[in-house]
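Here's the structure we're looking at; comments come further down.
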Amino acid sequence: MSVILVFLLVIAGFAGWWLSHQRLLAKPWLEQGMAGDFVGLDRSALPTAKIGLGVFLAVVGCLFSLFTSAYFMRMGLSDWRPLPLPRLLWLNTGVLVLSSVALQCAVVAARRGQIDMVRLGLATAGLTALAFLAGQLTAWRELTEDGYSLASNPANSFFYLITAMHGLHILGGLVGLGRTSLGAWNGARPERLRLSVELCAMYWHFLLFVWLGIFAVLAGWAATLIDICQRLLT
Numbered sequence: 008m009s010v011i012l013v014f015l016l017v018i019a020g021f022a023g024w025w026l027s028h029q030r031l032l033a034k035p036w037l038e039q040g041m042a043g044d045f046v047g048l049d050r051s052a053l054p055t056a057k058i059g060l061g062v063f064l065a066v067v068g069c070l071f072s073l074f075t076s077a078y079f080m081r082m083g084l085s086d087w088r089p090l091p092l093p094r095l096l097w098l099n100t101g102v103l104v105l106s107s108v109a110l111q112c113a114v115v116a117a118r119r120g121q122i123d124m125v126r127l128g129l130a131t132a133g134l135t136a137l138a139f140l141a142g143q144l145t146a147w148r149e150l151t152e153d154g155y156s157l158a159s160n161p162a163n164s165f166f167y168l169i170t171a172m173h174g175l176h177i178l179g180g181l182v183g184l185g186r187t188s189l190g191a192w193n194g195a196r197p198e199r200l201r202l203s204v205e206l207c208a209m210y211w212h213f214l215l216f217v218w219l220g221i222f223a224v225l226a227g228w229a230a231t232l233i234d235i236c237q238r239l240l241t
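Mapping of the sequence shown onto our numbering: residues 8 to 241, in sequence order.
Okay, structure coming up:
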């Protein structure tokens, strides 16, 4: 239960930071100036698509928090034997970070109207995401070749399940990224392209955050941190 609370608090903090940058909490009636200066304030500064994606990501965050909670509860039993993490996961993490950085660069370029840089950022993000998935499959193959099969131990089952769920969300993100890339190459309207790139970046940053949490859990760092927090509170 404590794992879920910690995870949800982190998500809430991330959501609060993001909303504070979207003028959702702005109070235009307290602004100073002529009424004509605030024509655009009668509409929500937060697009409906971003609100919808934010709700979806909150649900996905709860799903992964439940998996994490089940992981910690199951590891307390005597038949739990944690498997060694492949070193390739470190490289995969760096590749996913690069993918997220590339999308953020695409966002900046879209806001500046630099279409060539937008295309470069989208292409880089897509290629590095595919490299991440290929790296994950390679890590799976290494583990199975070393005898760490899916059904041989509960720890193995959780590893494959959690990483597979994350990989499926990456695949889903690639569909949206592909549609955005088509718009970038086919001359989509700047406003529409900018929103699409921002949605892709928002989704990608979230998946990076989730993966870092998964990696910390699988490496045992999260369990150590929780033990320290519990000792400080008791």
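Idealized CB from N, CA, C, for every residue including glycine.
Option nearest residue i by Cα separation, candidates the options
i	options	result
P197	T170, F139, G120 and A171	G120
A195	V125, R94, S106 and V102	V125
L215	A130, I122, V114 and V108	V108
G227	P91, L70, F63 and L73	P91
L202	A171, A136 and A116	A116
G83	L96, P161 and E205	P161
Q111	R94, W97 and L129	L129
Q143	K57, R118 and F222	F222
H212	V114, L95 and S76	V114
R199	P93, Y78, F165 and I122	I122
A7	N193, T131, R148 and E149	Since the first and last residues shown for the chain are 8 and 241, residue 7 lies out of range.
L95	L150, L73, M80 and L134	L150
A136	L103, L70, Y167 and W147	L103
Residue environment, residue i, which counts as buried when at least 16 other CB atoms sit within 10 Å
i	result
G220	buried
T55	exposed
G59	exposed
V67	buried
A171	exposed
V224	buried
N99	buried
V217	buried
E205	buried
G185	exposed
G154	exposed
F64	Note that residue 64 corresponds to Leu in the displayed sequence, not to Phe. Buried is the call here.
G133	buried
Whole-angstrom C-beta distance between residue j and residue i, which should lie under 8 angstroms
i	j	result
F139	I169	At roughly 15 angstroms, the Cβ-Cβ gap does not stay under 8 angstroms, so F139 and I169 are not in contact.
At 4 residues or longer, what runs of the alpha helix (DSSP H) sit wholly inside the region 154-211?
161-192
So within the region 114-156, which uninterrupted alpha helix (DSSP H) runs reach at least 4 residues, ignoring any that extend past its ends?
122-152
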